[in-house]
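For what it's worth, full-length UniProt numbering labels the leading residue of the sequence shown as 1, then goes sequentially.
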Amino acid sequence: MPNYALLVEYDGTHFYGWQKQKNLPTVQSAIESALTIILNKNPASRLSVAGRTDTGVHGLGMVCNFKTLLPIPNFHKLLVSINALTPKGVSVKNVVEVPADFHSRFSCTGREYIYKIYYSKYQSSFVEGRAFWVKHRVDWDFVENQLKTLVGEKDFRSLTKAKSMAGKRAVREIFDMRLERLTPDWIQIRIRANGFMHNMVRITVGTLLDIGKGRWNSRSIGSILEEKNRTTAGITLPPDGLYFVRAYYEDYPEIHELYKITLP
């Protein structure tokens with residue numbers, strides 16, 4: 001069966017996350033509904049995805065895949081048709097054929113997110129649903145110095161939702177983490193890892209902000225990790241500022257073709 005990978009962009013404010021839910025708008029249900037109409041004589045399998053984002057989380061370069069009984073002859077026509085049938089807030093940007101054994105979730109070797117922060121004393125009309133507004137002073141140099149402690153293979157139990165990790169292994173490897181100062185008002189934290197646990201990025205960035213605001217005098221991100229206890233970490237930030245940027249596949253060069261569009 002032919003196997004196809006899609007590159008998807010979506011505004012999370014329009015959806016209750018990626019995963020299909022009964023009677024609720026989700027990204028998966030929007031795309032699958034379109035494919036059902038387009039491929040009515042060539043049924044498609046259910047979409048698999050690199051990362052199942054929560055309600056309100058955005059996607060800039062999400063990868064998903066599906067299989068069909070027969071080959072799809074015209075990719076341009078497929079993209080035009082999908083985007084004509086999907087609702088506001090989701091766009092399919094590209095499509096490539098991938099090997100039969102490719103699975104967008106299980107073949108993925110790395111995932112990258114950014115968390116956007118609007119740093120100003122004064123509110124902006126363009127922040128709601130797109131970034132997290134921080135109006136109190138933050139020592140960004142100190143925050144940046146904390147990031148190197150998070151890089152590597154570690155137990156991140158302190159920085160994930162406790163209920164979702166009960167009895168589960170909490171070790172992940174962060175490959176790269178950086179603070180990017182786009183303008184004096186706009187800052188983002190970029191993080192790439194082999195995988196993420198529930199709310200891990202939002203709790204991690206929330207904890208870093210608490211540290212940067214001076215909430216704790218004698219504690220660091222390293223000491224919080226060592227305690228392996230969610231209650232020792234900082235707040236869980238809202239989904240508004242979280243964006244899935246890219247999925248990495250070391251064994252599938254075909255996926256590079258998907259990312260010809262410019263991503264932040």
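All C-beta atoms, glycine included, are put in the ideal place defined by N, C-alpha and C.
message: Using C-beta distances below 6 Å, list every residue in its chain close to K20, excluding the 5 sequence neighbours before and after it, in chain order.
response: Excluding positions up to five away in sequence, the list reads T26, Q28, S29.
field: Spatial distance of F244 from I117 (CA atoms)
entry: Rounded to the nearest angstrom, the two C-alpha atoms are 15 Å apart.
- request: Please say whether K228 and R157 have beta carbons closer to each other than 7 Å?
  value: A contact, by the Cβ cut-off of 7 Å.
message: Contact between the stretch 233-252 and the stretch 192-202 is defined here as three or more beta-carbon pairs at a separation below 8 Å; is this criterion met?
response: In short, these stretches touch, since the Cβ pair count reaches three.
message: For R230 and T13, what's the separation of their Cα atoms in angstroms?
response: Distance from the CA of R230 to the CA of T13, rounded to the nearest whole angstrom, comes to 27 Å.
task: Could you tell me whether the stretch 84-94 touches the stretch 206-215, using the rule of 3 or more Cβ pairs below 8 Å?
output: At 8 Å Cβ cutoff, the stretches do not touch.
message: Taking the straight line between their C-alpha atoms, what separation do you get for Y252 and R137?
response: Take the alpha-carbon of Y252 and the one of R137: they are about 44 Å apart.
message: Please classify I255 as buried or exposed, where buried requires at least 16 neighbouring CB atoms within 10 angstroms.
response: The Cβ neighbour count for I255, taken over all protein chains shown within 10 Å, is at least 16; the residue is labelled buried.
- request: Look at I174 and R181 and say whether their C-beta atoms are less than 7 Å apart.
  value: Going by C-beta atoms, I174 is not nearer than 7 Å to R181.
message: Tell me the DSSP secondary structure of M197 in three-state form.
response: DSSP, reduced to helix, strand and coil, places M197 outside both helices and strands of the structure shown, so it counts as coil.
- request: Would you list the one or two residues that DSSP bridges to G110?
  value: G110 is bridged to Y248.
- prompt: Rounded to a whole number of angstroms, what is the C-alpha to C-alpha distance between C108 and V98?
  reply: Each residue's alpha carbon lies about 13 Å from the other.
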